[in-house]
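Visitor:
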Amino acid sequence: MMTIPKIVILTGAGISAESGLSTFRAQNGLWEGYDVNDVATYEGYMRNPTAVHDFYNMLRRKLQHPNVKPNAAHFALAELEQKLGTDNVLIVTQNVDNLHEQAGSKNIIHMHGELLKVRNEKTGQIIDCFNDVNYQQNKLIRPHIVWFGEIPLQMEQIYDALSQADYFISIGTSGNVYPAAGFVQIANQTSAKTIELNLEPSLGESLFQTKIYGPASKVVPEFIKTFI
Ligand code: OAD
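Following this line, the structure appears as structure tokens:
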């Protein structure tokens, strides 16, 4: 019997671009209109918590707009997991949206947090959140988002999965942000096959053995077909 490959998939903002969510570093991307130091650091939050909540309130509303739905790339990854089994397919996403969940994927690590959750700063309790947060009403609730300078979530599980992976597929990420941008090196060291699927070459392009460039909704389903 053929052994089922173990696949770790890293996703970034590019996989959700065709679902209507802005990427960060494109022209007109999110980081063009906002200063990262203001809205994506703890120091920025301390300076002006209301402005930071306003930013994530805006993103939370956008995500829940009826036009924002998973695209063919999200669905292809969900199908891959269904066919190969949850033990064999792990999505590690940098995205704070829930489009992988909406498409039906189950084995997902949100290493940069989740927009539809908030966290109690004192107790660490994580709570679902679908509405705007008003800092004046509850000063202990912060976005469940990993800001610059903070440690991404579930890193041990991620490194463990990378050490066992037969394939590492990176989708829709520019390779600007570590530690995610370094996963390909770890995968290469453990002799996994490494694949980049992106609109354009990422910063880590030369580290991937296979690279296919085009919109995620096209290149992801085509590539995933090779496994199912
Ligand atoms: P970026 O905005 O840096 O990169 C998005 C990548 O997706 C780029 O390389 C684009 O070329 C590509 N892309 C755009 N449209 C695409 C499409 N339709 N199909 C395929 N690829 C497409 O976003 P990330 O790499 O995800 O962190 O950014 C990483 C982190 O930086 C984010 O998680 C966020 C940000 O600061 C936090 O907020 C903690």
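For the sequence shown, the working numbering assigns the number 60 to the initial residue and increments by one for each residue that follows. Note that CB positions come from ideal geometry on N, CA and C, so glycine has one too.
Got a sec? Which residues, its chain only, sit under 8 Å from Lys181 by beta carbon, not counting five neighbours each side?
Guide: If we look at Lys181 and ignore the five residues flanking it on each side, its Cβ neighbours are Leu199.
Visitor: If we ignore side chains and look at the alpha-carbon of each, how far apart do Leu89 and Met61 end up?
Guide: Using only the alpha carbons, I get a separation of about 44 Å.
Visitor: Quick one, are the C-beta atoms of Val177 and His203 less than 7 Å apart?
Guide: In contact: Val177 and His203 (Cβ atoms closer than 7 Å).
Visitor: Looking at the strands, I want to know which residues DSSP matches up with Ser229.
Guide: DSSP, once it has assigned bridges, lists Leu69 and Glu255 as partnering Ser229.
Visitor: Below 8 Å, can you find three or more Cβ-Cβ pairs linking the region 150 to 167 to the region 129 to 138?
Guide: Verdict: yes, contact present.
Visitor: Within the chosen definition, does the region 276 to 284 reach the region 94 to 102 through at least 3 CB pairs nearer than 8 Å?
Guide: Output reads no: the region 94 to 102 does not touch the region 276 to 284.
Visitor: Any idea what DSSP makes of Gly172, helix, strand or coil?
Guide: Residue state, collapsed to three classes: strand.
Visitor: Is the shortest distance between the beta-carbon of Gln153 and the beta-carbons of chain D less than 7 Å?
Guide: Any reference to chain D falls outside this structure, which holds one protein chain only.
Visitor: Between the C-alpha atoms of Gly92 and Leu262, what's the straight-line distance to the nearest angstrom?
Guide: Distance between the alpha carbons of Gly92 and Leu262 is about 23 Å.
Visitor: Spatial neighbours of Phe227 within its chain, please: C-beta separation below 6 Å, excluding the five flanking residues on both sides.
Guide: Cβ neighbours of Phe227 beyond the five flanking positions: Val67, Ala246, Ala251 and Thr253.
Visitor: How many whole angstroms separate the CB atoms of Ser276 and Asn130, which I take to be in contact at a CB cut-off of 8 Å?
Guide: 5 Å between Cβ atoms; contact.
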